[in-house]
Amino acid sequence: MKYTKILLFTTVFFLQAYLLRFSIGPYPSNLQEILIGITFLVFLIESLKEKNLIQKIKKTRNHWIILSFIGLTILSIILVPIKENLDLIRHLKFLFFAVVLGFIFLETFKSSKERKKAIKIAGLGAITFGIFSAVYNLLGYNVAHDLRLLGPLDAAVYLAYYLTPFFLFFTIQFFENPKNKENFVCSIILLMLIFLTRSMGAIGGAFLVIFLYLTIRNWKKILRNKKAKVILTITAILLIGAVFYSKILPTITTPYSSLDERGEIWQTSAYLLEKPKNLFFGVGYGQFEYHYIQNVDNILGREPLDYNVIQPHNIFLLFIFHYGILGLAFITFCIYKTIRKITKLKHKKLKIEQISLFILLYFFIHGLIDTPFYKNDLMILLIIFLEMGLTKKEKIISNLKPNPKEHNTDLQL
Numbered sequence: 044m045k046y047t048k049i050l051l052f053t054t055v056f057f058l059q060a061y062l063l064r065f066s067i068g069p070y071p072s073n074l075q076e077i078l079i080g081i082t083f084l085v086f087l088i089e090s091l092k093e094k095n096l097i098q099k100i101k102k103t104r105n106h107w108i109i110l111s112f113i114g115l116t117i118l119s120i121i122l123v124p125i126k127e128n129l130d131l132i133r134h135l136k137f138l139f140f141a142v143v144l145g146f147i148f149l150e151t152f153k154s155s156k157e158r159k160k161a162i163k164i165a166g167l168g169a170i171t172f173g174i175f176s177a178v179y180n181l182l183g184y185n186v187a188h189d190l191r192l193l194g195p196l197d198a199a200v201y202l203a204y205y206l207t208p209f210f211l212f213f214t215i216q217f218f219e220n221p222k223n224k225e226n227f228v229c230s231i232i233l234l235m236l237i238f239l240t241r242s243m244g245a246i247g248g249a250f251l252v253i254f255l256y257l258t259i260r261n262w263k264k265i266l267r268n269k270k271a272k273v274i275l276t277i278t279a280i281l282l283i284g285a286v287f288y289s290k291i292l293p294t295i296t297t298p299y300s301s302l303d304e305r306g307e308i309w310q311t312s313a314y315l316l317e318k319p320k321n322l323f324f325g326v327g328y329g330q331f332e333y334h335y336i337q338n339v340d341n342i343l344g345r346e347p348l349d350y351n352v353i354q355p356h357n358i359f360l361l362f363i364f365h366y367g368i369l370g371l372a373f374i375t376f377c378i379y380k381t382i383r384k385i386t387k388l389k390h391k392k393l394k395i396e397q398i399s400l401f402i403l404l405y406f407f408i409h410g411l412i413d414t415p416f417y418k419n420d421l422m423i424l425l426i427i428f429l430e431m432g433l434t435k436k437e438k439i440i441s442n443l444k445p446n447p448k449e450h451n452t453d454l455q456l
């Protein structure tokens, strides 16, 4: 699968390629979709040449995360009337290309070593895009009114949400192997970029995940080390102060803040959930914005701060409105599995599958106040990390070719 791997490395490095948009006849497309389409064709051709295509298709049953997303989406479309077809098509595209690339990624990169290399390349791509975004803003393009770093994206929080998983990856890699200074440099660059976005959800979520990681891995040393406790305490105080200054204070002293907007969104969401049908079946796949626009004026008794609200800014609400009670059960189970696996970590050095658990935890924590991961590139990352983190270890090992030397190498990572 030589050429498939090359294309996969290219695609994960250029995850933001969807920003390069164009039309193929009447079909609106982008460079990311083209890369994924080419990768799929090459994967198909190489699988046919190796005469294992049928075997790979049968392995779809091992990817319960992917199958769950597909099954829940089909069920939602069947059970709930669609009000806005364009929103449906947009969300179906997000999911389709994420599922395709996720499946190819997992079936091509079988070992922890390969997967870690691929995530590292994706992280280097995130750093490249982050630096490009900083230059983009310094040149005077697309500068937010509060000078937050966003680059070519439509929101600073979206950029932060894209950068933070890789910050966690490089940071945990550094703690696992302090002699590797490359991970430290990548971590610092990403941390600086995340701070420039001024996303308190990303900064706070990352801090909580790193704190939990250090507590689980080195909690005895931390409790015995006064300097470590002082540093963590000071960091926590600074973080709380930053949240108060940037989020809570504007809510009190100004007519607009992101918390004010979230309050409107959650108030409208609560109203929609008063209907048992919406609670059990959702409002339709990708249909939240339509229902929000239809109801928000009457609920608030005035115009909202923003009508363009694609998602409900809460991970539980997101899955309820997409898939109903089954969606809530699915994401709750994923969170439970993630936390349970984290609390049982006993490896001397974490492999990418275990690092993925901490990255998932970040998605869930930040997901309590924001849900931009149901988009092109972030949907791809969500599915890949869910599959790597929550797929049973035995299934990963069973997919490897019988190469004792390679197997031993992976266990030492």
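Once you know that position 308 of the sequence shown is 351 in the numbering used here, the rest is easy, because the numbers rise by one and skip nothing. All C-beta atoms, glycine included, are put in the ideal place defined by N, C-alpha and C.
> Under the DSSP definition of a beta bridge, which residues are partnered with I67?
Replying inline: Here residue 67 refers to the residue found at position 24 when the sequence shown is read from its first residue. For I67, which the question treats as bridged, DSSP gives the partners Y70.
>> Which of the three DSSP states is assigned to P319 in this structure?
In response: As a working note, residue 319 is residue 276 in the sequence shown. Helix at P319.
>> If contacts are defined as beta-carbon pairs under 8 Å, then H365 and Y328 qualify, I think. What distance do you get, rounded to the angstrom?
In response: As a first step, residue 365 must be located in the sequence shown, where it is residue number 322. As a first step, residue 328 must be located in the sequence shown, where it is residue number 285. Right, the Cβ-Cβ distance comes to about 5 Å (below 8 Å), so this counts as a contact.
>> Considering Cα atoms alone, identify which of Q216, N419, K45 is closest to R64.
In response: By one-based count along the sequence shown, residue 64 stands at place 21. Closest option to R64, Cα to Cα, is N419.
> Are there three or more Cβ pairs, one per stretch, closer than 8 Å when the segment 105-115 is compared with the segment 307-315?
Replying inline: no
>> Taking the straight line between their C-alpha atoms, what separation do you get for I423 and G80?
In response: Residue mapping note: residue 423 aligns to position 380 of the sequence shown, counting from 1. Residue mapping note: residue 80 aligns to position 37 of the sequence shown, counting from 1. Approximately 14 Å, taken between the alpha carbons.
> In terms of residue numbering, what span does the alpha helix (DSSP H) encompassing P208 cover?
Replying inline: What you label residue 208 is simply residue 165 of the sequence shown in a count that begins at 1. It spans 199-219 - the alpha helix (DSSP H) in which P208 sits, taken as one unbroken run.
> From which residue to which residue does the alpha helix (DSSP H) around L421 run?
Replying inline: Position 378 of the sequence shown, counting from 1, holds the residue named residue 421. Element bounds for L421: 419-433.
>> Measuring straight from C-alpha to C-alpha, what distance separates H409 and E93?
In response: Taking the first residue of the sequence shown as 1, we reach residue 409 at position 366. Taking the first residue of the sequence shown as 1, we reach residue 93 at position 50. So the alpha carbons of these two residues sit roughly 42 Å apart.
>> Going by C-alpha to C-alpha distance, which of T151, L62, V142, K156 sits closest to I398?
In response: Mapped onto the sequence shown, residue 398 falls at position 355. Nearest of T151, L62, V142, K156 to I398, Cα basis: K156.
> For the segment 159-171 against the segment 204-218, are there 3 or more C-beta pairs whose distance is under 8 Å?
Replying inline: yes
> Nearest-angstrom Cα distance between K48 and F56?
Replying inline: Looking up residue 48 in the sequence shown gives position 5. Looking up residue 56 in the sequence shown gives position 13. Distance between the alpha carbons of K48 and F56: 12 Å.
> Do you know whose CA, among E225, D303, F148, lies nearest I412's CA?
Replying inline: On the sequence shown, position 369 is the one that residue 412 refers to. For the residues E225, D303, F148, the minimum Cα distance to I412 belongs to D303.
> Under the three-state reduction of DSSP, which class applies to H334: helix, strand or coil?
Replying inline: The residue labelled residue 334 in the question sits at position 291 within the sequence shown. Helix.
> Where in the segment 368-406 do unbroken runs of the alpha helix (DSSP H), each at least 4 residues long, occur, reported from the N-terminal end onward?
Replying inline: 368-386
> Counting along the chain, where does the alpha helix (DSSP H) carrying L233 start and finish?
Replying inline: For this step, residue 233 is matched to residue 190 along the sequence shown. Its alpha helix (DSSP H) spans residues 224-240.
> Are the beta-carbon atoms of L369 and T381 separated by less than 8 Å?
Replying inline: What you label residue 369 is simply residue 326 of the sequence shown in a count that begins at 1. What you label residue 381 is simply residue 338 of the sequence shown in a count that begins at 1. Against a cut-off of 8 Å, the Cβ pair of T381 and L369 comes out as no contact.
>> If contacts are defined as beta-carbon pairs under 8 Å, then L425 and F406 qualify, I think. What distance do you get, rounded to the angstrom?
In response: Here residue 425 refers to the residue found at position 382 when the sequence shown is read from its first residue. Here residue 406 refers to the residue found at position 363 when the sequence shown is read from its first residue. So it is a contact: roughly 6 Å between Cβ atoms.
> Given V143, which residues of its chain have a CB within under 7 Å of its CB, disregarding the five upstream and five downstream residues?
Replying inline: The residue you call residue 143 lines up with position 100 of the sequence shown. For V143, where only same-chain residues beyond five positions count, the Cβ hits under 7 Å are I79, F83.
> Of the residues P415, L131, Y314, which one's Cα is nearest the Cα of D526?
Replying inline: Beyond the ends of the chain as shown, which are 44 and 456, falls residue 526; an answer cannot be given.
>> Please classify L190 as buried or exposed, where buried requires at least 16 neighbouring CB atoms within 10 angstroms.
In response: Taking the sequence shown and counting its residues from 1, one reaches residue 190 at position 147. L190 should be labelled exposed.
> At which residue ranges does the segment 52-116 contain complete alpha helix (DSSP H) runs of 4 or more residues, listed in the order of the chain?
Replying inline: 74-92, 96-101
> Going by alpha carbons, who is nearest to L51 out of I125, I147, Q98?
Replying inline: Taking the sequence shown and counting its residues from 1, one reaches residue 51 at position 8. Cα-wise, what sits closest to L51 is I147.
>> If distances are taken between C-alpha atoms only, which option among P69, T151, L135, L58 comes closest to L87?
In response: Counted from its first residue, the sequence shown places residue 87 at position 44. Considering only alpha carbons, the answer is T151.
> Hey, how far is the Cα of Y46 from the Cα of K153?
Replying inline: For the purposes of this step, residue 46 is taken as the residue at position 3 of the sequence shown. For the purposes of this step, residue 153 is taken as the residue at position 110 of the sequence shown. Using only the alpha carbons, I get a separation of about 16 Å.
> Do you know how far the Cα of A60 is from the Cα of L292?
Replying inline: By one-based count along the sequence shown, residue 292 stands at place 249. By one-based count along the sequence shown, residue 60 stands at place 17. Reliability fails at L292, whose pLDDT of 49 lies under 50, so the model's placement of it is uncertain and the value that follows must be treated cautiously. Roughly 37 Å between the two C-alpha positions.
> Using DSSP with H/G/I as helix, E/B as strand and the rest coil, what is I162?
Replying inline: As a first step, residue 162 is located in the sequence shown; it is residue number 119 there, counting from the start. I162: helix per DSSP, three-state reduction.
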